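Under my numbering, read the sequence shown as residues -1 to 677, first letter to last. The C-beta atom is built at its ideal place from N, Cα and C for all residues, glycine as well. The structure presented is a predicted model; accordingly, all values stated were derived computationally and were not measured.
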Amino acid sequence: MISSSEYGSHSWELVVTVDHQHEEVQKEFLLRVTGDLHIGGVMLKLVEQIKISRDWSDYALWWEQKKCWLLKTHWTLDKCGVQADAKLFFTTQHKMLRLRLPNMKTVRLKVSFSSMVFKAVSDICKILNIRRSEELSLLKQSEDTLKKKKKKDKNSKEPVTEDILNLCNSPVSSGLSGSPGLYSKTMTPVYDPISGTPASSTITWFSDSPLTEQNCSILAFSHPICSPETLAEMYQPRTLADKAKLNAGWLDSSRSLMEQGILEDDQLLLRFKYYTFFDLNPKYDAVRINQIYEQARWAILLEEIDCTEEEMLIFAALQAQYHVSKLSLSSEAQDFTCESEVDEVEAALSNLEVTLEGGNASNILEDITDIPKLADNLRLVRPRKLSLKAIKPYWFVFKDTSVSYFKNKESAQGEPIEKINLKGCEIVPDVNVAAKKFGIKLLIPVADGMNEMYLRCDNETQYARWMAACVLASKGKTMADSSYHPEVHKILSFLKMKNWTMSPQAVSDPESIDMKPECFVSLRYTRKYKSKQLAARILEAHQNVSQMTLVEAKLRFIQAWQSLPEFGLSYYIVRFKGSKKDDVLGVSYNRLIRIDIATGDPITTWRFSNMKQWNVNWEIRQVAIEFDQNVSIAFTCLSADCKIIHEYIGGYIFLSTRSKDQNETLDEDLFHKLTGGQE
-1 MISSSEYGSH
9 SWELVVTVDH
19 QHEEVQKEFL
29 LRVTGDLHIG
39 GVMLKLVEQI
49 KISRDWSDYA
59 LWWEQKKCWL
69 LKTHWTLDKC
79 GVQADAKLFF
89 TTQHKMLRLR
99 LPNMKTVRLK
109 VSFSSMVFKA
119 VSDICKILNI
129 RRSEELSLLK
139 QSEDTLKKKK
149 KKDKNSKEPV
159 TEDILNLCNS
169 PVSSGLSGSP
179 GLYSKTMTPV
189 YDPISGTPAS
199 STITWFSDSP
209 LTEQNCSILA
219 FSHPICSPET
229 LAEMYQPRTL
239 ADKAKLNAGW
249 LDSSRSLMEQ
259 GILEDDQLLL
269 RFKYYTFFDL
279 NPKYDAVRIN
289 QIYEQARWAI
299 LLEEIDCTEE
309 EMLIFAALQA
319 QYHVSKLSLS
329 SEAQDFTCES
339 EVDEVEAALS
349 NLEVTLEGGN
359 ASNILEDITD
369 IPKLADNLRL
379 VRPRKLSLKA
389 IKPYWFVFKD
399 TSVSYFKNKE
409 SAQGEPIEKI
419 NLKGCEIVPD
429 VNVAAKKFGI
439 KLLIPVADGM
449 NEMYLRCDNE
459 TQYARWMAAC
469 VLASKGKTMA
479 DSSYHPEVHK
489 ILSFLKMKNW
499 TMSPQAVSDP
509 ESIDMKPECF
519 VSLRYTRKYK
529 SKQLAARILE
539 AHQNVSQMTL
549 VEAKLRFIQA
559 WQSLPEFGLS
569 YYIVRFKGSK
579 KDDVLGVSYN
589 RLIRIDIATG
599 DPITTWRFSN
609 MKQWNVNWEI
619 RQVAIEFDQN
629 VSIAFTCLSA
639 DCKIIHEYIG
649 GYIFLSTRSK
659 DQNETLDEDL
669 FHKLTGGQE
């Protein structure tokens, strides 16, 4: 019997369902509680009633109706707002999750379903040995992108068995915090910068990690690529609206997986969300480099990013070189790990870092003393409606961030015909090396859209110097910047890869090399050319990259991907305030671009460097942004939640604050302050 005093006016019954595997023990428990009982007290009462001897430390209370975790154990039920009608679940915080990596391999591991996604991704990257986890996030595939695959699966008679890599025995996966020193540069496994294989000095690291040497190979190396039939089954965007669907499913980094409806053993995509790959070093980043390479490769093959036929052949040649190098590595008895043991810090200092920033920066003193100026004869092309393009030669002078042009060299001391400030312009390459065409397309913002003009150069060297100057000027930088010479070098090396000549010896017998050309190009080109034609053209392009090592081939591929005009753009369908039609908004690491949804032409560009503030009206789901010179825009997002765009903008601004002087610990609070919003 329960006395009337125990029933007190303030006590009430709370139903809690326990998530456990013991069939003989009940799952629903009735607890008599008061509003001033704290969450920790509720869990203690519950465990005493369950009477199962086990470790309950990973368990927490989940409030089903409110879709939230009750993790602040010192808060009372009253403070949390929990009343008698609440449905609480006592369940584990770490659950199994299937992740599809950029290389299309699926890994299964335990992930925190109660931590914010930003923290969960950080833990996942520690397991996979990927540095700079802030560049990645989790993506839920939209129904539209899955429809095609489901349709194909129904038609196939044999059941598809997916090869899943199980990584569920890791300390991070088990909910235990890893050693803080484990992820420092001196403790990260070191890889050979030529082959990407783990160096002997840190092979022992793998003994305590779920990422065994074999598993590391699966993640750090590219594997036999898919057939055209497999490509045909995958979702391929045809329009800008289709591309917008690819970015609709990014999870909210400031909320947990459980709060966003993700269930145990669901499948999500782990992808590089932000296209600013910081401090990329082959010595530590074999897995990271390979996964970036794979994300780039699939984007090219599935035509998620546009490229010319010439560029497609370069990408094919680099893939072919990677596989040729890999075969030669496996067939030769090479031992890259027989060097004497060297202190890793000393080795890191002596090892030449291969970065995607273009190698060694030029001497800074030299940059300061050099006059940042270019002057040369170029041809100006202005497209005209209802008539042919007008092409005229002028004397061009490039200084600071502006380009001016004069009638001839002699008149350069006077007033220019026109002076154009390129800050905030869109710079697009207009190049066909085979046809000796070296053009620079300038899209200059004006009140009602973009003015278009072209600069035509005479040769590769002239083009590289002017193109590099234009690219930097569009970002507000001058030629005095230390990145100018590396940019010139990068453009020249890309042009060199494009500049191949037919060698009869090299392509006389394409079948003599074990190569399936259809595996290296998108479906458009397998339909356009026969297999032998494709093989011959890829082998032509391959001559310029045939001496590259495994890692260099991947880095060159990534660099070529970064050179594409559409690189790093994530698309969303939006409706601008005051507009009667939908537009596409492209979000990049340094700018927003308004694009005509019908033609794909850019209308206006806004640079983050000119942004004063941005905010979201959560009631009407509208993003409002203010820029310098009293420019302001507002739009609602139609293809995704506006929180995704808000997070993209804040995320890119957060990533721009990183520096190599910092250690690898991130200011997580600053990230959430910039991206979280006040919903």
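Could you give the distance in angstroms between the alpha-carbon of residue i and the alpha-carbon of residue j?
i	j	result
Lys528	Val519	12 Å
Pro370	Lys397	6 Å
Lys117	Trp612	25 Å
Asp665	Arg253	17 Å
Asn127	Ser402	50 Å
Trp73	Ala82	17 Å
Leu653	Leu255	23 Å
Arg454	Ala388	12 Å
Leu44	Ile50	11 Å
Ala467	Glu257	47 Å
Gly674	Ile651	13 Å
Trp61	Pro443	51 Å
Ile489	Thr459	9 Å
Ala315	Cys305	15 Å
Tyr570	Glu413	43 Å
Leu29	Lys70	19 Å
Arg463	Arg377	15 Å
Give the single residue among the options whose Cα lies nearest to the Cα of residue i.
i	options	result
Met310	Leu440, Ser55, His540 and Ile37	His540
Pro563	Arg463, Trp67, Val469 and Leu266	Val469
Asn608	Arg554, Asn588, Gln24 and Trp616	Asn588
Leu107	Ser113, His92, Asn101 and Ala410	His92
Tyr392	Ser409, Lys610 and Tyr57	Ser409
Phe87	Ser113, Val119 and Leu59	Leu59
Lys658	Gln63, Leu278, Ala242 and Asn245	Leu278
Leu17	Glu11, Lys43, Asp56 and Asp161	Checking the sequence shown, residue 17 turns out to be Asp, not Leu. For the residues Glu11, Lys43, Asp56 and Asp161, the minimum Cα distance to Asp17 belongs to Asp56.
Gly584	Lys578, Pro196, Lys575 and Phe565	Phe565
Ala246	His670, Lys473 and Glu645	Glu645
Val614	Ala632, Thr602 and Phe625	Ala632
Leu99	Ile290, Glu22, Phe574 and Leu261	Ile290
Ala230	Leu300, Phe270, Arg130 and Thr274	Leu300
Asn419	Asn430, Phe436 and Val395	Val395
Gly33	Ser9, Thr15 and Arg592	Ser9
Ile312	Lys641, Trp559 and Thr399	Trp559
Lys535	Gly649, Asp456, Ile643 and Ala432	It should be noted that the sequence gives Arg, not Lys, for residue 535. Closest option to Arg535, Cα to Cα, is Ala432.
Ala622	Glu538, Ile647 and Pro600	Ile647
Look up residue i in the DSSP assignment and say whether it is helix, strand or coil.
i	result
His92	strand
Leu537	helix
Phe669	helix
Lys530	helix
Pro515	helix
Cys123	helix
Cys224	coil
Ile601	strand
Arg98	strand
Phe27	strand
Trp616	coil
Asn164	strand
Glu11	strand
Phe565	coil
Ser323	helix
Arg525	helix
Ser140	coil
Ser607	helix
Ends of the beta strand (DSSP E) at residue i?
i	result
Ser110	Thr104 to Ser110
Leu624	Checking the sequence, you will find Glu at residue 624 rather than Leu. First-last of the beta strand (DSSP E) with Glu624: Gln620 to Phe625.
Val188	Taken as a continuous stretch (DSSP letters only), Val188 belongs to no beta strand (DSSP E), as it is neither H nor E.
Ala632	Val629 to Cys635
Val582	Asp581 to Val585
The ligand GDP heavy atoms versus the CB of residue i: any closer than 6 Å?
i	result
His20	No copy of the ligand GDP appears in this structure; indeed no ligand is present at all.
Would you kindly report the start and end of the unbroken alpha helix (DSSP H) that includes residue i?
i	result
Gly652	It should be pointed out that residue 652 corresponds to Phe in this sequence rather than to Gly. Cys640 to Leu653 is the span of the alpha helix (DSSP H), which, as asked, contains Phe652.
Tyr461	Glu458 to Ser472
Ile489	Tyr482 to Lys496
Leu553	Leu548 to Gln560
Is there at least one Cβ from chain B nearer than 7 Å to residue i's Cβ?
i	result
Ser607	The question asks about chain B, but that chain is absent: this structure has only one protein chain.
Which full runs of the alpha helix (DSSP H) of 4+ residues lie inside the segment 240 to 318, going along the chain?
The qualifying runs are 284 to 299.
What runs of the beta strand (DSSP E), each 3 residues or longer, lie entirely inside the segment 367 to 455?
DSSP runs (the beta strand (DSSP E)) wholly in the segment 367 to 455: 371 to 380, 388 to 397, 400 to 404, 416 to 419, 424 to 430, 435 to 444 and 447 to 455.
Jot down the residue ranges of each uninterrupted alpha helix (DSSP H) in the segment 29 to 93, minimum 4 residues, whole runs only, in chain order.
Complete alpha helix (DSSP H) runs here, min 4: 37 to 48 and 75 to 78.
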